[in-house]
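Numbered according to mature numbering (1 follows the signal peptide of the UniProt record, and there is no 0), the sequence shown spans residues -18 to -1, 1 to 406. Note that beta-carbon positions come from the ideal geometry of N, C-alpha and C, so glycine has one too.
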Amino acid sequence: MKFLIFCVVIFLGFPASAGTQETTRERVFTLEESIQLALKNNPQVLLAREELRRTTAMVMEARSGALPRLSAEAAYIRLDRLNMDSHRANLRLIQPLYAGGMIRGTIQAAELHHQAMEEGLHTVEAEITFRVKKGFYGILLAQELVAVRAEALNLLQSHYQTTKERFNKGEVPRFDLLRAEIEVINASSELIQVRSQLQSVENLFKNLLDLDLDSSFSLEGSLEYLPLQPDLNEALLKALEQRSEIRQLRLVSKMREKNIDVARSGHRPLISLFGNYEGLEGLPPTPDWDWNWNAGIMIEVPIFDGLMTRGRVGQARSEHEKSLLGLKDFKDRVRFEVRQAFLDLEKAREIIEFQLKNVQQAEENLKIVRERHRKGISTHLEVMGVHLALTKARTGYARALYEHLIGKASLERATGGRYRGSRE
């Protein structure tokens, strides 16, 4: 048992990266640097930017409908009975004048779609920013838990040595010594677990920033309490005004409305200007090239299309109505998110105040009990109880700080930006 404790202590005394040669300089990230790197490298952000480029091309395609179309045509004709070859060339120009609102509506819908995708990019960036904050604070929490467990192990090792000395003097039974040994082993196991959890959250953070999983980094920051007294009504108004998802859904609704006009254009006439410049060669009575031109205006009036246009209008109206319902539903969800973030932030603030007092009292109790135990006044169970209370208090305080920072980040995410509120 003693040899096992010695091995565990020696193992935990080495850093997790022991045995490997550091070949590259460790990178140090602040929270802001982490966010900027994620927004630059994260695949989801890159996909959203590529989608925005695609909608730019869609606007270009839509605008082409209002521009003239110029085409050239050439043909070779073999006349077998006349034993002659003929050639024909044609240059044709068509300029749409009126398309029942289809061209204008298509352009406006494409532009609205592009604007909606810009807001979609902002949504992805906001989500990645929140995930980076959560990962950043998660690593800080895991590091703090490792420190708490390591400190708890050191205290238990010290208690074990004190108990061993008293056992050798015949002041305590062997039962107390065995209990102290077991507590050291249990604390060692818990330290291994939290170190493993730290590695897991670090790997998730690397994936978020698109870093190599074998790379090494450290964070510049700490879990700290940033007093904030948010105003619920102000936060709700800000969220409904600034959330990129709401702006995107509004743009989508306008786009769907334009699509109704595009669908209705099927009932309206099409008016176009056209011009042709033609040449023909190889036919009698003039075997040489004969060139001529013609121009005119063309009107196409739909009479009956088998109710196709009516069906398209019905679909467009339904899509528009769905977009309005989706907007209303999302506004309700945003209100819920803001209220929940508000409650989480308030809860974390109250827990922090409670846990801070708890830590201070537990530290004071530990000093008293350890001194009593050294003098032989306090029992082993009393010492273990105080150790456990201190570890729980420190763990609870660290988690409360983490929840406070996550609550603040959630409120910022829910309101569509950095929420400052009023400071205490």
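query                                                                                                                : result
Complete alpha helix (DSSP H) runs within the stretch 152 to 208 (minimum length 4 residues, chain order)            : 156 to 191
For P25, three-class secondary structure by DSSP                                                                     : helix
Sheet register partners of H69 (DSSP bridge)                                                                         : Y58 and E263
Identified DSSP bridge partners for M280                                                                             : S254
Residue environment, S204, which counts as buried when at least 16 other CB atoms sit within 10 Å                    : exposed
Spatially closest choice to V41 from E93, E55, I17 and A30, by CA coordinates                                        : E93
Proximal residues to R395 (C-beta, below 7 Å), its chain only, five neighbours per side dropped                      : A108 and F112
Simplified DSSP assignment, three categories, for I285                                                               : coil
Length of the line joining the Cα atoms of Q90 and P212                                                              : 40 Å
N- and C-terminal bounds of the beta strand (DSSP E) containing R63                                                  : Premise fails: R63 is in no beta strand (DSSP E) and is neither H nor E.
Sequence-distant residues of the same chain with beta carbon closer than 6 Å to E303, five excluded per side         : none
Residues of its chain near G82, where Cβ-Cβ distance is below 8 Å and the 5 sequence neighbours each way are ignored : R246, S247, G248, H249, R250, P251 and L252
Endpoints, the alpha helix (DSSP H) within which R86 is located                                                      : M84 to N150
Other residues of its chain near N347: CB distance less than 8 Å, five sequence neighbours each side excluded        : V368, A371 and L372
contact_flag[the stretch 212 to 224, the stretch 254 to 266] where n(CB pairs < 8 Å) is 3 or more                    : no
E163 versus R315: straight-line alpha-carbon distance, rounded                                                       : 53 Å
Sub-8 Å separation of T37 and H104 beta-carbons                                                                      : no
Close Cβ partners of L122 (< 8 Å) along its chain, the five nearest in sequence each way excluded                    : L201, G203, S204, L205 and Y384
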